[in-house]
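Residue numbers (this note's numbering): 1067 to 1169. Idealized CB from N, CA, C, for every residue including glycine.
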């Protein structure tokens, strides 16, 4: 996993920890787990995390074997919720899935 946020992700993780909120860390861990799964299958997987336009929000892009796999946003609202939006290029490139990693 490559952190391209120039320290913003670390700041957000520290802020979440101070609020006793593990949802952002769980989301990052889930992205890492997916990377490990691909790597255990002998595939090269790279997930890059970037800052997004909203405070405490991030954008990620994943490539597998040098090809686009998925991208999405991690929207952290502080104490009360974390949403992750993942867009995958599958049979339907417009298909969206939203997952809630709440309190």
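Assigned with DSSP and collapsed to three states, residue 1110 falls in coil, not helix or strand. With a cutoff of 7 Å on beta-carbon distance, residue 1075 and residue 1082 are scored as not near each other.
Residue pairing from DSSP places residue 1117 in a beta bridge opposite 1124.
Per DSSP, residue 1072 lies in no alpha helix (DSSP H) segment and is marked neither H nor E. For residue 1138, the enclosing beta strand (DSSP E) covers residues 1133-1142.
Looking at the DSSP output, residue 1129 sits in a beta bridge with 1112, 1134.
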